[in-house]
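Protein chains in written order, with our numbering: chain E, 481 to 1000; chain G, 95 to 363.
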C-alpha cells in the first residue's frame, strides 16, 4: 500500500508538471478551440467558451487516472481508487498552485507578457473559467478529480471478467477474418489479388487527384517529393549506414539546375523541362561522387559533421553576392517554366501530382530492386560492420560511393520537379532544417523500408500542412513527436523486417506439399 | 617449394615501441591444417591480421600462391581466395543467417547495380545459384533451419559456425580461423573439430588455426608454430612441439621444462 501511494504521488507530480506546462503554452485553449469546432461552432475566437475548457480539464483528469493505473491490472478496485485519487489530487494541487500564481498576476495587474507571451489577462480569466479565482481553482481541482475517477472506473470496468471475455471473442473474430483474407491473398489466388489490388490502386491514383482541389494536390505533391527524398536518404543512411546530414544540398543542385536552364533570368537558356531534369539528376549524382571521394575514410560523427558543412557550403554559395549574376543570389530564381508532355503543358497542380506519383513509383522501384539484390546486401553489410564487410570481399569504397550517388540522384529528381512546380527556387529553401526534416521523416517512419518512408512523409510533411491553423504548435509537436518516437518506438512507425529466403530448388515442391491439405 | 600455399617471410609488425611480431617465417603446405599457438599476447592475432591484409607488415612479405599480399586491401585479399573468422565473433548481427552467407559470396558475384535494377537473366541466375550455395554452406555447418533467423539472436556456438559458413561463401583456398572453439563446451568443441577436419578433407581447404585448446590443436594439426613475445620459438609436428623445452617454458615459465620432465617420468613409472 505504501509503495502504491508513493508511485501514485510520483505519477501525480509528473502529470501535474505536464499540465502546468500545457497551460503555460496555452495548450488548454487550443484544445478548447478544437473541441468547440468539433461541436459545430464556426468561429470560436482566440479563447473558447468556459465549458470547453472544463471539458479539457476533465480530459486531463481522465488521462491522469488512466496513467496512474497503467501496468496495475491486477489490483483490487479499492486500491485502484486510492491510486487514481492520490495521483489526480497531487496533479490537481500543482495546477491549483499555478492558478493561484496566475491569480496573483491578475489581481496585482502585473504585466508579464514580455516573458510569457500567452499569459494575457484574458487567458488567465478563461483558465479560471470566468469564475472568481477561488471558485475557478476549486472547479479545476474538482474537474481533474472527476476525470480521474472516470478513468479509474473505465480501468476497473475493462478488467472485469465478463468484459474481458467479450473482448477476447471479438479479437478472435477479427483475427479469424484477417487470417482468411491473408490466406486468400497469399494462397493460389495470389496473382488475381495482386492484379485487383494494383488496378484498384491505379484507378484511385488516377481519379483522386482530379477530384481534389488544388490545395490537396499541393499537399500531397509535397508529401510525394519528400517520399522521393526520404527513399534517397534511406539508401545512404538506412542501407549503407552513412550518416549524411547535408542531404538537401543534392536537392538544391537538382532544383538550381532546373531553374538556371529553364528561367528567363539570369541566363534565359530555356532547355525545356526533361533535359534539365535529366541533367539535374546526373549533376546531383556526380556531386554525390565528388562529396564521397574525400569522405570515404570518415565514419559516424565525423562524416555527419563534414556533410553538414557540405550542405551549408552549397547553400551559402547559392546565396553569395559573388555568384549573384550566375545563380540569382539571395533573391532566388523566378518564373521557372514547367514541363510539357506530348505538346500539352503542365499548368495545374493535378499534372504535377501525376508527375510526382510517377517519380515516387520510379524511386520505389529502383529502391526495392536494389535493396533485394547483391548491391543491397553489400550496403547492409557495410552498415553492420564496415571492416568485416571489406574482409568478406565487399568493395566498400565502390558501394559507399554508389549509395551516395544514387541517393543524390533521387534528391536531384525531387529537386528538379520541386523547382518547376513552384516556379521558384531560392537558397533559403535548402537550409539545414530541410535536411533534418528528411532525416527525421525516415527515422519516424522506420529506417530502411518504403512503407515507413511514405508514412513518415505523411506524418511530418502532410499533417503539418493539414493542421495549418495550429502553426504555432508545429515545432513543439514535431519535437514532442520525435522524443515520443525515440522512447516508445525507436525503430520507427513501421520497422524493417529482414526478407525470408527459401531454398530455390525446393520452392516449387514445398509449395505443392503445403497446398495439398487445403485442396481437400 | 611449389606446393606452399602461403609463405610468410621475415614479417615484423611494430606498434609504437612494441614489437608485436618479430621476423616470423612460416611455410604452409597446401591442404594442411596448420596451428599457431602461444601464450596470450604472443602476437598470434597480429600475425593473422598481417596475413589477411588488416595490417601492412613493417618488414617482410606475405606470399599467397606466389602473389605478394602486402599492401593489398582486405577485399582484394578475400577475392584471391583467403577468408578468415574473428576472435570476437563479428557477424552482421542484424541480418539473417543466410544473408550473412550471401554477403560472404560477394567476391565471386558479377552482378552490377544496373543489373540489380533491371534484373537481367544473368542476375536472376546468379541470385539463384548463390542462394543454393548459401544453403549448402548453412547445411554444412548445420544451421539450415536457422536460415531466416537474425544472426545476432543465434546461440553462441551457432554464431561461431555461421562465421565459418560466411567465410566459406567466397570459396576460399585458405581459411584463417581465430580461436574457433573459444568459449565452447566440450561437446561443441568436438563438433567444431570435426567440422574443421571435414573442411580440409572434403573441400581441400588449407586451414590456419589459432587455438588455445591443446586437445584440439594436438588432435587435428599437421604442423604447429609457437609464438612467444612476437618471436617464433618452435615449429614442428604436434609430438615434437609437446616435447619442445622452450615451448614448455614459454607456457609454464622458467624451469617449467624440468618440471614437465619430472612429471612425465612419474607418469611413465
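Don't be surprised by glycine CBs; every beta carbon is placed ideally from N, CA and C.
Can you name the residues of chain G whose CB is closer than 9 Å to the CB of residue i?
i              : result
residue 849(E) : 210, 211, 212 and 213
residue 650(E) : Those do not exist, as residue 650(E) stays about 32 Å from chain G at its closest Cβ, beyond 9 Å.
residue 838(E) : Chain G residues near residue 838(E): none, gap ~16 Å exceeds 9 Å.
residue 853(E) : 205, 207, 209, 210, 211, 213, 217 and 221
residue 860(E) : 186, 188, 189, 193 and 197
residue 846(E) : 211
Quick check on the DSSP output: the alpha helix (DSSP H) that includes residue i runs from which residue to which?
i               : result
residue 224(G)  : 215-234
residue 792(E)  : 780-799
residue 202(G)  : It is not in any alpha helix (DSSP H) - residue 202(G) carries neither H nor E in the DSSP assignment.
residue 499(E)  : 482-504
residue 176(G)  : No alpha helix (DSSP H) holds residue 176(G); the beta strand (DSSP E) holding it covers 176-178.
residue 917(E)  : 912-925
residue 571(E)  : 557-588
residue 540(E)  : 530-548
residue 345(G)  : 339-346
residue 354(G)  : 350-362
residue 1011(E) : Given that chain E is displayed from residue 481 to residue 1000, the structure contains no residue 1011(E) and the question cannot be resolved.
residue 291(G)  : 280-297
residue 613(E)  : 613-638
residue 674(E)  : 670-691
If I follow the unbroken beta strand (DSSP E) through residue i, where does it start and stop?
i              : result
residue 300(G) : 300-304
residue 263(G) : Careful: residue 263(G) lies outside any beta strand (DSSP E) and carries neither H nor E.
residue 153(G) : 153-158
My assumption, with CB atoms under 8 Å, is that residue i sits in contact with residue j. Please give the rounded CB distance.
i              : j              : result
residue 921(E) : residue 940(E) : 4 Å
residue 509(E) : residue 591(E) : Not really, about 19 Å apart at Cβ, beyond 8 Å.
residue 752(E) : residue 734(E) : Going by Cβ atoms, the distance from residue 752(E) to residue 734(E) rounds to 16 Å, so no, they are not a contact pair.
residue 129(G) : residue 305(G) : 6 Å
residue 888(E) : residue 767(E) : 6 Å
residue 496(E) : residue 580(E) : Actually they are not in contact, since the Cβ atoms of residue 496(E) and residue 580(E) sit about 14 Å apart, beyond 8 Å.
residue 410(G) : residue 157(G) : The question about residue 410(G) has no answer, for chain G in this structure spans 95 to 363.
residue 558(E) : residue 536(E) : Actually they are not in contact, since the Cβ atoms of residue 558(E) and residue 536(E) sit about 29 Å apart, beyond 8 Å.
Sorted by chain position, which residues of the same chain lie with C-beta nearer than 7 Å to residue i's C-beta, five sequence neighbours on each side aside?
i              : result
residue 351(G) : 339, 342 and 343
residue 353(G) : 346
residue 159(G) : 99
residue 601(E) : 586
residue 859(E) : 719, 720, 879 and 883
residue 266(G) : 175, 176, 177 and 299
residue 250(G) : 277
residue 261(G) : 177, 178, 179, 198 and 269
residue 488(E) : 548, 563, 566 and 567
I want to verify the contact list: residues of chain B whose CB lies under 7 Å from the CB of residue i, in sequence order.
i              : result
residue 229(G) : Among the protein chains of the structure shown, namely E and G, there is no chain B.
Which chain E residues sit within Cβ distance under 9 Å of residue i?
i              : result
residue 190(G) : 978, 979, 980 and 981
According to DSSP, what are the bridge partners of residue i?
i              : result
residue 130(G) : 304(G) and 319(G)
residue 329(G) : 319(G)
residue 187(G) : Bridge partners of residue 187(G): none, in fact.
residue 121(G) : 101(G)
residue 161(G) : 158(G)
residue 705(E) : Looking at the DSSP assignment, residue 705(E) forms no beta bridge with any residue, so it has no partner.
residue 108(G) : 113(G)
residue 825(E) : 820(E)
residue 905(E) : 813(E)
residue 272(G) : 304(G)
residue 244(G) : 190(G)
In chain E, what lies closer than 8 Å to residue i by C-beta?
i              : result
residue 283(G) : Within chain E, no residue comes near residue 283(G); the closest Cβ sits about 24 Å away, beyond 8 Å.
residue 178(G) : 871
Which residues in chain E have a C-beta closer than 7 Å to the C-beta of residue i? List them in chain order.
i              : result
residue 386(G) : Outside the displayed range of chain G (95 to 363) lies residue 386(G), so it cannot be described from this structure.
residue 173(G) : 873
residue 168(G) : 870 and 871
Excluding sequence positions up to five away, which residues of its chain have a Cβ less than 8 Å from the Cβ of residue i?
i              : result
residue 971(E) : 926 and 927
residue 996(E) : With a pLDDT of 43 at residue 996(E), under the threshold of 50, the predicted position of this residue should be treated as unreliable, and no value is reported.
Measuring from the CB of residue i, is there a heavy atom of the ligand HEM at a distance below 8 Å?
i              : result
residue 521(E) : For the ligand HEM, the structure offers nothing, since it holds no ligand at all.
By the criterion of Cβ-Cβ separation under 8 Å, what are the contact partners of residue i in chain G?
i              : result
residue 882(E) : 207
Ignore the nearest five residues each way along the sequence and tell me which others in residue i's own chain have a CB closer than 6 Å to its CB.
i              : result
residue 988(E) : Confidence at residue 988(E) is low in this model, with a pLDDT of 47, below 50, so its placement is unreliable and no value can be given for it.
residue 930(E) : 844
residue 242(G) : 190
residue 829(E) : 694, 697 and 698
residue 816(E) : 739, 742, 743, 899, 900 and 903
Note down, in chain order, every chain G residue with its Cβ under 7 Å from the Cβ of residue i.
i              : result
residue 864(E) : 186, 187, 188 and 189
residue 857(E) : 193, 196 and 197
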